[in-house]
Amino acid sequence: MKPKKTVLVLATTNEGKAREIRNALLDLPLKVITLADLGIRTPFPEKGPSFYENARGKSLFYSRRSGFLTLAEDSGLEVEALGEAPGVYSARFSGRRATDEKNIQKVLLLMKGVAEDNRRGRFVCCMVLSRNGTIVKTVTGQVRGMIAFDKKGGLGFGYDPIFFFKPLRKTFGELRPKEKNAVSHRGRALKKMKAFLEDDLKKGCPPS
Ligand code: IMP
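Numbering (the working numbering), first residue to last: 138 to 345.
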């Protein structure tokens, strides 16, 4: 009989994020499921002042609801010339009916006339793992880039098409999933979380 896999709940409704997290954890002996798989539809109000507060709140909230090991993350784009905006408002930067396209257009408009040298930005990701309403592990990751003058590439999600990554001379929208995961904020955070999970699973934590 196969040993029972530990269940890991991804506390996100963002398809792009869920895809990247799933891919990164593929080779771990985990059964990765989503809130939708559990029929949990209660939204968590992301009103915290920082990525950490939001990720922590989501992780604790959904780990209590699900009863399983739960991974939540909050992430976003910080642009120096915009005083670190959109930051924690990244998902809803263009208002209540925000879409990725509207958010991108708003950033491009605000950055109109800003010279290349002043277009520095970074993606930040904070990830929190919880079990039964207790935090087990917190990790962060970030990646620096430049805000492009125009969109390029149709891969990824969110602000990827306007995030130019100098070392590869491409926007994140032009990177294949594996390439993005190797250098992105989420990929960097996931590398640390994966190492922790591997260790935790080896210690034989009870499958939840
Ligand atoms: P939230 O963490 O669900 O509040 O949303 C984070 C928002 O930040 C997303 O909706 C995107 O707009 C943006 N974001 C976070 N990570 C990425 C990424 O890897 N690529 C592009 N945009 C991102």
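C-beta atoms are modelled at their ideal positions from N, C-alpha and C, and glycine is treated no differently. What you are looking at is a predicted structure, and each value in this text was computed from that prediction instead of being measured.
Residue span of the alpha helix (DSSP H) that contains residue i, given as start and end
| i | result |
| --- | --- |
| Lys-243 | 237-247 |
| Leu-357 | With the chain represented from 138 up to 345, any question about residue 357 goes unanswered, as that position is not in the structure. |
| Leu-197 | 188-203 |
First through last residue of the beta strand (DSSP E) which encompasses residue i
| i | result |
| --- | --- |
| Ala-222 | It is not in any beta strand (DSSP E) - Ala-222 carries neither H nor E in the DSSP assignment. |
| Ser-212 | 206-216 |
Beta bridge counterpart(s) of residue i as assigned by DSSP
| i | result |
| --- | --- |
| Leu-147 | Thr-171, Leu-208 |
Contact test: residue i Cβ vs the ligand HEM heavy atom, cutoff 7 Å
| i | result |
| --- | --- |
| Asn-255 | The ligand HEM is absent from the structure shown, which contains only the ligand IMP. |
Distance cut-off 7 Å: residue i Cβ against heavy atoms of the ligand IMP
| i | result |
| --- | --- |
| Gly-295 | yes |
| Phe-198 | no |
| Gly-224 | no |
| Gly-382 | The requested residue 382 does not occur in the structure, where the chain is confined to residues 138 to 345. |
| Asp-237 | yes |
| Phe-286 | no |
| Ser-227 | yes |
| Ser-187 | no |
| Phe-302 | no |
| Ser-267 | no |
| Ser-321 | yes |
| Asn-318 | no |
| Phe-260 | yes |
| Asn-151 | yes |
| Phe-309 | yes |
| Asn-240 | yes |
| Glu-190 | no |
Checklist line | alpha helix (DSSP H) segments (min. 4 residues) lying fully within the segment 252-325 | finding: 314-320
Check: Would the segment 329-338 and the segment 311-321 be scored as touching if the rule is three or more Cβ pairs under 8 Å?
Finding: no
Note to self: Closer than 8 Å is the cut-off here; do at least three beta carbon pairs connect the segment 199-210 with the segment 168-182?
What the structure shows: yes
Margin query: Using 8 Å as the cut-off, can you tell me whether the segment 203-210 makes contact with the segment 263-281, which would need three or more C-beta pairs spanning the two stretches below that distance?
Written below: yes
Note to self: With three or more beta-carbon pairs closer than 8 Å as the criterion, would you say the segment 224-237 touches the segment 184-195?
What the structure shows: yes
Margin query: Using a Cβ distance threshold of 8 Å, determine whether the segment 279-288 contacts the segment 235-248, with at least three qualifying pairs required.
Written below: yes
Check: Are the segment 300-309 and the segment 227-237 touching by the rule of at least three beta carbon pairs closer than 8 Å?
Finding: no
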